[in-house]
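Notes to accompany the following structure.
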Amino acid sequence: MILFLAGTSDARALAVRIRQAGHPLLATVVTENAAKSLRDADLQVRVGRLTAEEMAALIREKHAYGVVDASHPFAEEASRNAMEAAQTAGVPYVRYERPSWVYDDHPRLTVVDSYEAAAEEAARLKGVVMLTTGSKTLDVFAKRLLHEPGVHLVARMLPRKENMEKCAALGIEQKQIVAMQGPFGPELNRALYRHFGVDVVVTKESGKVGAVDEKVTTALEMGLHVILISRPRLDYGTVYAEPDKIIRHIQQWKGEDNRDTTGVSAGHHTS
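Here UniProt numbering is used: the first residue of the sequence shown is 1, the next is one more, and so on.
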């Protein structure tokens, strides 16, 4: 069995292909909503966050012979835990990283390397700031921008109860919330930007599959400012952006003595 970290829409398709290639797997996800789509594909799923120690214990319990990390590009903690767990359990690890979105220089596009830097740049630009970065780091932006003169915050996120509760706790009012399930096409992005009178869009470089290109391109075409948060820089060791290469790579795991970490598992790093 393979332990599979699923965190994106394309991860589900990869999981199905891995199983079809003869590798049973256990997928781990954070939310019940994410689990449903995997169960619909008749995949075994575990719901809930795991520490590195818990993940290592699960690897041993399930006799997993490898870890495939297909978590979201910004799920830095999950990837670190997966690499540490694989190393602790003595099994190989490989990272599936959805392709990055290649963007051109643009005078209204600012690329930053952290949420804090994005909040500072939004405070400098002023106006109506639409966050499309999810709820996990909402507190970073709320703390910096909610009471910043000349800034009006609008937060776009998934329509989950816990997200609404978090907004309420942070002081983000209902009229400042767009609770919708994406990804969105150019027409809906344009309509939302116009409806809220958006001046600045804050987003993450989560890849073309995550529709970041349409979100950014539409905003720039409308003359808006875009703050793009670059991906975390982790040394994953072995990384592939193509599902076929992932499958070819893990074929060598089956039947190997996975307690020997001198092969592909030597690429575990947690930088």
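Where is the CB? At the ideal position from N, CA and C, for every residue including glycine.
Whole-angstrom distance between A75 and L125, CA atom to CA atom: Indexing the sequence shown from 1 puts residue 125 at position 125. Indexing the sequence shown from 1 puts residue 75 at position 75. About 28 Å.
DSSP three-state assignment for I2, whether helix, strand or coil: In the sequence shown, counting from the first residue as 1, residue 2 sits at position 2. Correct three-state label for I2: strand.
Pairwise C-alpha distance: R60 and Y93: Here residue 93 is taken as the residue at index 93 of the sequence shown, counted from 1. Here residue 60 is taken as the residue at index 60 of the sequence shown, counted from 1. Looking at the two C-alpha atoms, the distance is approximately 14 Å.
Residues sharing a beta bridge with G66, DSSP: On the sequence shown, residue 66 is found 66 positions in, with the first residue counted as 1. Paired residue(s): I2.
Chain-order list of residues whose beta-carbon lies under 7 Å from that of R12 (same chain, five-residue window excluded): Along the sequence shown, one-based indexing puts residue 12 at 12. The residues are A6, S37, L38 and A41.
C-beta contact flag for L224 and V201 at 8 Å: Along the sequence shown, read from residue 1 onward, the residue named residue 224 stands at position 224. Along the sequence shown, read from residue 1 onward, the residue named residue 201 stands at position 201. Yes, Cβ-Cβ distance for L224 and V201 is below 8 Å.
Counted within 10 angstroms of its Cβ, other Cβ atoms place W253 as buried (16 or more) or exposed: Position 253 of the sequence shown, counted from the first residue, corresponds to residue 253. Classification of W253: buried, given that the 10 Å Cβ count is 16 or more.
Distance between L145 and S135 (C-alpha atoms, nearest Å): Here the question's residue 135 lines up with position 135 in the sequence shown. Here the question's residue 145 lines up with position 145 in the sequence shown. Distance between the alpha carbons of S135 and L145 is about 15 Å.
Euclidean distance between Cα positions of D10 and M157: In the sequence shown, the residue the question calls residue 10 occupies position 10. In the sequence shown, the residue the question calls residue 157 occupies position 157. Cα to Cα, the separation comes out at about 20 Å.
Own chain partners of M222 with C-beta closer than 7 Å, once the 5 adjacent residues on each side are dropped: Mapped onto the sequence shown, residue 222 falls at position 222. Excluding residues within five positions, the ones whose Cβ falls inside 7 Å are R190 and Y193.
Short CB-CB distance (under 8 Å) between V29 and chain D: Here chain D cannot be found, since the structure has a single protein chain.
Local Cβ density within 10 Å of K175, reported as buried at 16 or more and exposed below that: As a first step, residue 175 is located in the sequence shown; it is residue number 175 there, counting from the start. The residue in question, K175, is exposed, as its Cβ has fewer than 16 Cβ neighbours within 10 Å.
Reference Q32, options Q44, G22 and H23, closest by Cα: Here residue 32 refers to the residue found at position 32 when the sequence shown is read from its first residue. At residue 32 the sequence reads Glu, which differs from the Gln that was named. It is Q44 whose Cα lies nearest to the Cα of E32.
Every unbroken beta strand (DSSP E) within the segment 3-32, with a cutoff of 3 residues, ordered by chain: 25-29
Own chain partners of R17 with C-beta closer than 7 Å, once the 5 adjacent residues on each side are dropped: Counted from its first residue, the sequence shown places residue 17 at position 17. Excluding sequence neighbours, R17 sits near P243 and I247.
CA-to-CA distance, F141 to K166, given in whole angstroms: In the sequence shown, counting from the first residue as 1, residue 166 sits at position 166. In the sequence shown, counting from the first residue as 1, residue 141 sits at position 141. Each residue's Cα considered, the two are about 13 Å apart.
Inter-residue CB distance, A57 and I2 (contact presumed, cutoff 8 Å): Here residue 57 refers to the residue found at position 57 of the sequence shown. Here residue 2 refers to the residue found at position 2 of the sequence shown. So it is not a contact: roughly 16 Å between Cβ atoms.
First and last residue of the uninterrupted beta strand (DSSP E) at R46: In the sequence shown, residue 46 corresponds to position 46, counting from 1. It spans Q44 to V47 - the beta strand (DSSP E) in which R46 sits, taken as one unbroken run.
Distance CB(V239)-CB(R95) smaller than 8 Å: Within the sequence shown, residue 239 is the residue found at index 239, counting from 1. Within the sequence shown, residue 95 is the residue found at index 95, counting from 1. Contact: yes.
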